[in-house]
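One structure is given here, and the rest of the page talks about it.
There are 10 protein chains.
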Amino acid sequence: MGIIGSTIKPFKATAFKAGEDFYDVTQEDIAGKWAVFFFYPADFTFVCPTELEDMGEKYEMLQSMGFEVFGVSTDTHFSHKAWHDTSDKIGKIKFPFLGDQMHTLANNFGVLREDSGLADRATFVVDPDGVIQIMEITCEGVGRNANELTRKIKAAQYVRANPGQVCPAAWEEGSDTLAPSLDLVGKI
Amino acid sequence: MGIIGSTIKPFKATAFKAGEDFYDVTQEDIAGKWAVFFFYPADFTFVCPTELEDMGEKYEMLQSMGFEVFGVSTDTHFSHKAWHDTSDKIGKIKFPFLGDQMHTLANNFGVLREDSGLADRATFVVDPDGVIQIMEITCEGVGRNANELTRKIKAAQYVRANPGQVCPAAWEEGSDTLAPSLDLVGKI
Amino acid sequence: MGIIGSTIKPFKATAFKAGEDFYDVTQEDIAGKWAVFFFYPADFTFVCPTELEDMGEKYEMLQSMGFEVFGVSTDTHFSHKAWHDTSDKIGKIKFPFLGDQMHTLANNFGVLREDSGLADRATFVVDPDGVIQIMEITCEGVGRNANELTRKIKAAQYVRANPGQVCPAAWEEGSDTLAPSLDLVGKI
Amino acid sequence: MGIIGSTIKPFKATAFKAGEDFYDVTQEDIAGKWAVFFFYPADFTFVCPTELEDMGEKYEMLQSMGFEVFGVSTDTHFSHKAWHDTSDKIGKIKFPFLGDQMHTLANNFGVLREDSGLADRATFVVDPDGVIQIMEITCEGVGRNANELTRKIKAAQYVRANPGQVCPAAWEEGSDTLAPSLDLVGKI
Amino acid sequence: MGIIGSTIKPFKATAFKAGEDFYDVTQEDIAGKWAVFFFYPADFTFVCPTELEDMGEKYEMLQSMGFEVFGVSTDTHFSHKAWHDTSDKIGKIKFPFLGDQMHTLANNFGVLREDSGLADRATFVVDPDGVIQIMEITCEGVGRNANELTRKIKAAQYVRANPGQVCPAAWEEGSDTLAPSLDLVGKI
Amino acid sequence: MGIIGSTIKPFKATAFKAGEDFYDVTQEDIAGKWAVFFFYPADFTFVCPTELEDMGEKYEMLQSMGFEVFGVSTDTHFSHKAWHDTSDKIGKIKFPFLGDQMHTLANNFGVLREDSGLADRATFVVDPDGVIQIMEITCEGVGRNANELTRKIKAAQYVRANPGQVCPAAWEEGSDTLAPSLDLVGKI
Amino acid sequence: MGIIGSTIKPFKATAFKAGEDFYDVTQEDIAGKWAVFFFYPADFTFVCPTELEDMGEKYEMLQSMGFEVFGVSTDTHFSHKAWHDTSDKIGKIKFPFLGDQMHTLANNFGVLREDSGLADRATFVVDPDGVIQIMEITCEGVGRNANELTRKIKAAQYVRANPGQVCPAAWEEGSDTLAPSLDLVGKI
Amino acid sequence: MGIIGSTIKPFKATAFKAGEDFYDVTQEDIAGKWAVFFFYPADFTFVCPTELEDMGEKYEMLQSMGFEVFGVSTDTHFSHKAWHDTSDKIGKIKFPFLGDQMHTLANNFGVLREDSGLADRATFVVDPDGVIQIMEITCEGVGRNANELTRKIKAAQYVRANPGQVCPAAWEEGSDTLAPSLDLVGKI
Amino acid sequence: MGIIGSTIKPFKATAFKAGEDFYDVTQEDIAGKWAVFFFYPADFTFVCPTELEDMGEKYEMLQSMGFEVFGVSTDTHFSHKAWHDTSDKIGKIKFPFLGDQMHTLANNFGVLREDSGLADRATFVVDPDGVIQIMEITCEGVGRNANELTRKIKAAQYVRANPGQVCPAAWEEGSDTLAPSLDLVGKI
Amino acid sequence: MGIIGSTIKPFKATAFKAGEDFYDVTQEDIAGKWAVFFFYPADFTFVCPTELEDMGEKYEMLQSMGFEVFGVSTDTHFSHKAWHDTSDKIGKIKFPFLGDQMHTLANNFGVLREDSGLADRATFVVDPDGVIQIMEITCEGVGRNANELTRKIKAAQYVRANPGQVCPAAWEEGSDTLAPSLDLVGKI
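First to last, the sequence lines map onto chains A, B, C, D, E, F, G, H, I and J.
Numbered per the working numbering, the first sequence spans residues 240 to 427.
Numbered per the working numbering, the second sequence spans residues 240 to 427.
Numbered per the working numbering, the third sequence spans residues 240 to 427.
Numbered per the working numbering, the fourth sequence spans residues 240 to 427.
Numbered per the working numbering, the fifth sequence spans residues 240 to 427.
Numbered per the working numbering, the sixth sequence spans residues 240 to 427.
Numbered per the working numbering, the seventh sequence spans residues 240 to 427.
Numbered per the working numbering, the eighth sequence spans residues 240 to 427.
Numbered per the working numbering, the ninth sequence spans residues 240 to 427.
Numbered per the working numbering, the tenth sequence spans residues 240 to 427.
Here it is in structure tokens:
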């Protein structure tokens, strides 16, 4: 079985969220909701804050669409808080960060770099059944794009909500979709 | 080892390319070049032609950047040719298609759907050393976006060409990059 | 245990049949009926259409004898439909084609060519108990003969219907049969 | 690997041939020649003599085409001689019979019925490289047809002698053949 | 455990007996009776008929003593019948022959010659409990002696019928036997 | 491989022979000679002395034919000597006795009764190549017959000396033998 | 666990005792009694009779103390009787001898000499619970001493009967014993 | 292999000997000499000092016969020295004590009581080839006897020095010995 | 799992305590109490008495805090008593010593030096739940410090008694402690 | 083998040291030097800074004694730098911190808390041969004491420099040491 279509594995991690006390998160806490796991290599580094800031700007909209978003690195929740307290970019972010110093999440999603103990620059979108629907990884030094992620998230929600419809390449919210049928075989 | 940073595994497949006789392709044929493996589920189906057409429009530019692009499904090269001969959208595409009816490539890249014998809707960008730098998979029904792929490809080429520089989130060709240094730790 | 006399293994495949919507076929759908599994290497190729056309001409008669006939290759049902829509010879055929892109049937019957992912040019006749009674395989480039297959099918049905009778070499419907007995031992 | 295209396994058996002393046969004796292995269940039984007689009438022609033919059962060479000496039909046959009481050949070709220690009613055509090109098995009680076997043998020899040509369904010696090419894909 | 004193293993074989239809024999058919298994290498050979004829002459007497006698070779029951029909010596024999073409009996009693697929020239006497009491094997070319076998069979029956008595060397029916006792230790 | 035709396994045992000092015997001491291993259960018991006396009377003749004879039980050579010194029947015997208290010989020949630590009443004839040619075992209480053993020994020597000749059932020295040939198949 | 303090393993052996019929002995027959197992290499040998005679002279006394004594070698009970009937020294002995030709006892007590199949010159004293309390072995050629064995047996019985008392070195019946206590630690 | 006749295993232990500094002893230090290993449970206990004192009185004589004697317990060499310094009986002993707190020697000789970590009350006599010739173990509370040990030691030395002679039961230095021969078998 | 935080394993050892009879101690005897296991290499040696004396002076205070203290070496309880009776420093100590000659405790706590059979110079503090809270080991020749141990013991008791409080470096009884909270993250 | 006396395992980690660029440290960098590995749970937490500050005050002295000191947690070197830049206590520390986010060091020294991915509060002193000489661990909430650690370090250096001398309990630099000798056994 590939990654897409598989169910997320159990985990338990301590979260830091601005303005709240530390709290634990497990797979049960996101059952019935959409979720984004947004992995990055390490607190206090370089590309990460721009990506996290970019993602942070979508958080309100994603929440309104029924999503939770988690920033994840192999740092502790103590470190996450310290970064939040000292960085302008990170200090503005409202979504929670998970401390994955046990490497559980990075291993569960297959994105632990074994030679450094850090996570890949990887994004996973999980549906309300805990099934991974969208994923993306870029190499070190290449930043992701929250706009494109949002485009795909909207398509995935549309497809789930409208059985029998599919979204063509580069589909944007409001554009036409396709309805597959026997007659269309070989006709597109 | 995760996928990003790993070297592609050996393969051999027969290619169909418009206007040429069938020919074999192996991992040796792309040594020293950049390559995109663009997987899709099946010939003669629905979302795929829109994505392939979208990708086809970038082919000339990607070639000029030193890239080869392969469409890959678990259909045969005979089927690829028949689709090309009968579909308007596919008939316009100039990049080669690989026949993966033995499932070698889909297994090598971990994107075979075992319950249907079809490949995921997955993209892999491979650098001239045969190392995977960027990947993306979307669920059935959600089309990819060739513009965003091109953006990331340019960032990956930039980073390779400019050691010591990294591209922030949503970077576009020509924008500013970052140069990591000890002094920047915790300052972004 | 050899092939002849063994029971077919479970399978599930999607069928294309002219004028009908795609539908699934399993071993349970042929329980109680005779069936012919007519494997060929690939859609859109060369010897195959002549053999399939030859077989197609017997379909009405075989149906009247209680048979179902399946064309089988490792192509998808989408490809089968596309071939039907574009080939004169295939377009005339009324029996269903099974999409075996997962290689289940080709492996079940031991006719997958592992170095190409295609099936042998093989025929299997299965009785109403799911037991294989007749089989034949020819190498690439040698076409089968639907007349001879029909002759053997009739003999197999005759033997099943008339316990105690056997059909001698090159027996044709209506010719004499033999009734084995102790007295005949060493006398023929 | 399926049966067709595989190389025969080593064997050693004692042969009876009318008018000669017993002699041993191994796979080396047929290297460089075409051969037919014509299995049948047992000496002194019922369908077998009609099939062997039918085959015997083709022996001269097959010899002229460069073939050797072997009748094979799990009886001894002593039994083969005794059958030859007492049966009119068998007494006329000029090709050799192999004693397979050790079950080596029946196991090599996968046609031993384990619950009775007898061979299937199976035919194998082997080319001068020792590779199996054509095979056929029928259930107990259904006789084979030497005319059809001869037709397929001629086709196999034709294809070997004329690379680039293939024989369509029900091809007879002298009929048209096909020359596969890219242009024919999807055109037959 | 040695052979003597061991219980015979299960078997099933088809028997030919002059004047009767073929029938199956298993170990259960001889429960409660004495039995002789008289193995020989092959039908239609040389020493065997003289031994079988020699044994055949004792059959009536052994039957009256409660014995069944089986001739056993790795030939089929068809071959046994054909031999019976064509050989003067074998044609006179009234005891049944078992077809052991599956090698079950020859393996059960440890007398299969693996390099030829034939049985040794071996005799086993089995008591009504299925326990082997007497055995003998001679090399190829040395015939057995039915008189001596009969002598030992009578001694074995005598000992079973008369607990506390033993038969000295070369004992013949009616001669003196010995009654072991503590007083005889070291006195014979 | 069965017993007949197998080569004896290595052994070392201490022998007692009337009028000589104890000495060791191994398989090398009988290389190039015929030998009889005459097993019996125990010194100082009942059937054994009659069998040993019967065998002892043939010793001179067997020696003249190139044979050595060994009495073998699981008693020690000390016990053998004590029995010889105190028993009239045993005191007359001139062939050596082997002490097999380690059970090596009884295990080598497969005749150890594991529930009592005693040997079967078993005879083995070994040819000058160390190959077992004739064997016989009788149950407890049934004495063997030295005359019959001698008959078979002569036949075995005759067959070895006259390749191409075989001895029919109950053959006695000087009687006719048979010369197998193709023409005799099925004629005896 | 060492030997001393371990429980004897199950055994079954046939005993010879002067003036009685052969009978079986098992570990259950000595439950609740003291027992001496007096192993020696072989009947009819040299040191053994002097040791057995020496031990025989203590038998009456040991019986009165609640002991049974067993002479044990790997000879049979038949051999033991024959030795008793022919040797002056052995003829006087009244305790039973066990036939250990299966090597069960010698293996149970760890005293089988594997290169000769004979037992060591070993003595074991077993208490009424089946636990070994005293043991001794000497090499070949060195005789044991029944007086010393008796001395130790008496000490063992004394200690069992008088909990809290121990017997010092070279203690003789009637001498002083010691009562261990905390105050004596380091004071003797 | 039993204990008697086996070679001692390698060991290394620190020795305390009155009037000397601590030193290490290994199996190499006793090569070519006779040795006694005199195990006892623990320093500062009860029976042990009487046995050690008893043994100590023989030390001078045993030294003159070419022996070394070792007291062995699972205490350390520090403890041995402390016992020597504080106990009258132990303070007189001149032979060395080995510290076996690693349990090597007790395990090598099979006398470790696993439930207490202490050694049995066991004696082993080792010849100049390192082979164990005599052993003895008594249960807790039963003291050994240095006189009897000395008697057996002398017999063992006599037998080694006089091949062909054996010492009968309870032999004392200067008494008659036996010379085994064939003529004596069964005569003693 | 590391050592700290793990539960002690079951053990049973015999204790010597001044003025009491020997008695057994198991893990159950310290359930509900604090305990110190104070390992040292051997009785009658050099650094050990100074450390034990140092520790002995804290015993009364530790008892008043709810502690039991055990001195542990691989010597026996007999040896512990003898040392107590002869050493001034040890003679003053009131806490019990455990005899660990079976090495159970040294192995349980991972402090057995395998090349000498002695324990490390190691201290373990166990809380009333049997969980190890503090440990320390020094190399041979470096003595521990009972004052520092007492300081840490007091801190451990304080922390257990005051959930939410922690003791900073070099904390002494009565000094300030810290109360961790989210606000303090990164502020100390 | 216990921890004390074992050699440290290979490792590689990135170090942060105030005023220097990041650099890698391996076991080879401390070969020939003394080293202290000072583990603590996490950056930005509570007890840790007091312990690290306490240790930091000894750094200059320890450097002059030939030591290197490493702070180690499972945080990254990025995090270590960020902590250093924002904490007053940590900002004063001059020794390097190792980033152990791969858990290599924590596992090597056996101090990883598997349920939290953090290290124990553990100290290890390693000599110039890479051998661990002193270790200490305290539970969560109990701070260590740099004075006591320094005392033990000095003792370990003294013992290494002065073979034959040992330091008694609570030894301070300049106090008396002991010279072990046979005469002192049991005298301290």
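The C-beta atom is built at its ideal place from N, Cα and C for all residues, glycine as well.
Since the model is a prediction, treat every value here as computed from it, not as a measurement.
If we ignore side chains and look at the alpha-carbon of each, how far apart do residue i and residue j end up?
{"i": "A:C378", "j": "B:R399", "result": "11 Å"}
{"i": "C:G310", "j": "C:A358", "result": "11 Å"}
{"i": "A:A345", "j": "B:D260", "result": "45 Å"}
{"i": "I:K426", "j": "J:F283", "result": "7 Å"}
{"i": "I:V286", "j": "I:L351", "result": "18 Å"}
If you reduce the DSSP assignment to three classes, tell me which class residue i lands in.
{"i": "D:W322", "result": "helix"}
{"i": "J:G310", "result": "strand"}
{"i": "A:A418", "result": "coil"}
{"i": "B:T246", "result": "strand"}
{"i": "I:F334", "result": "coil"}
{"i": "H:V424", "result": "coil"}
Give me whichever residues DSSP pairs with residue i in a beta bridge.
{"i": "G:M341", "result": "Paired residue(s): none; G:M341 is not in a bridge."}
{"i": "G:V381", "result": "H:C406"}
{"i": "J:R352", "result": "J:L357"}
{"i": "D:A263", "result": "Rather than Ala, the amino acid found at residue 263 of chain D in this sequence is Asp. D:T253."}
{"i": "H:E375", "result": "G:E375, H:T362"}
{"i": "J:V286", "result": "None; J:V286 has no bridge partner."}
{"i": "B:A274", "result": "B:E307, B:V365"}
{"i": "E:V398", "result": "DSSP lists no partner for E:V398."}
For the segment 300–314 of chain C against the segment 330–344 of chain C, are there 3 or more C-beta pairs whose distance is under 8 Å?
-> Between the segment 300–314 of chain C and the segment 330–344 of chain C, the count of C-beta pairs closer than 8 Å reaches three or more; the two stretches touch.
Can you find at least 3 beta carbon pairs, one from the segment 271–281 of chain B and one from the segment 362–377 of chain B, that sit closer than 8 Å?
-> Touching, yes, given that three or more Cβ pairs across the two stretches are closer than 8 Å.
Mind the definition here: the segment 376–394 of chain A touches the segment 383–403 of chain B only if three or more C-beta pairs lie below 8 Å; say whether that holds.
-> The segment 376–394 of chain A vs the segment 383–403 of chain B: in contact.
Cβ-based contacts, 9 Å cut-off: residues of the segment 267–296 of chain G near chain H = Within the segment 267–296 of chain G, the residues whose Cβ lies closer than 9 Å to some Cβ of chain H are D282, F283, T284, F285, V286, C287, P288, T289, E290, L291, E292, D293, M294, listed in chain order.
Three or more C-beta pairs closer than 8 Å, one from the segment 254–268 of chain D and one from the segment 287–294 of chain D: is that the case here?
-> With the cut-off at 8 Å, the segment 254–268 of chain D and the segment 287–294 of chain D do not touch.
Could you run through the segment 330–348 of chain J and flag, in chain order, every residue whose CB is less than 7 Å away from some CB of chain I?
-> Listed by position, the residues of the segment 330–348 of chain J near chain I (Cβ gap below 7 Å) amount to none.
Interface residues of the segment 303–320 of chain A facing chain K [CB-CB below 7 Å] | Of the chains in the structure shown, none is chain K; the protein chains are A, B, C, D, E, F, G, H, I and J.
Validate contact between the segment 248–257 of chain E and the segment 411–424 of chain D using beta carbons, cut 8 Å, 3 pairs = The segment 248–257 of chain E, when compared against the segment 411–424 of chain D, does not touch it at the 8 Å Cβ threshold.
According to a CB-to-CB cut-off of less than 8 Å, which residues of the segment 392–426 of chain J neighbour chain H?
-> Under the 8 Å Cβ criterion, the segment 392–426 of chain J contributes L421, V424, G425.
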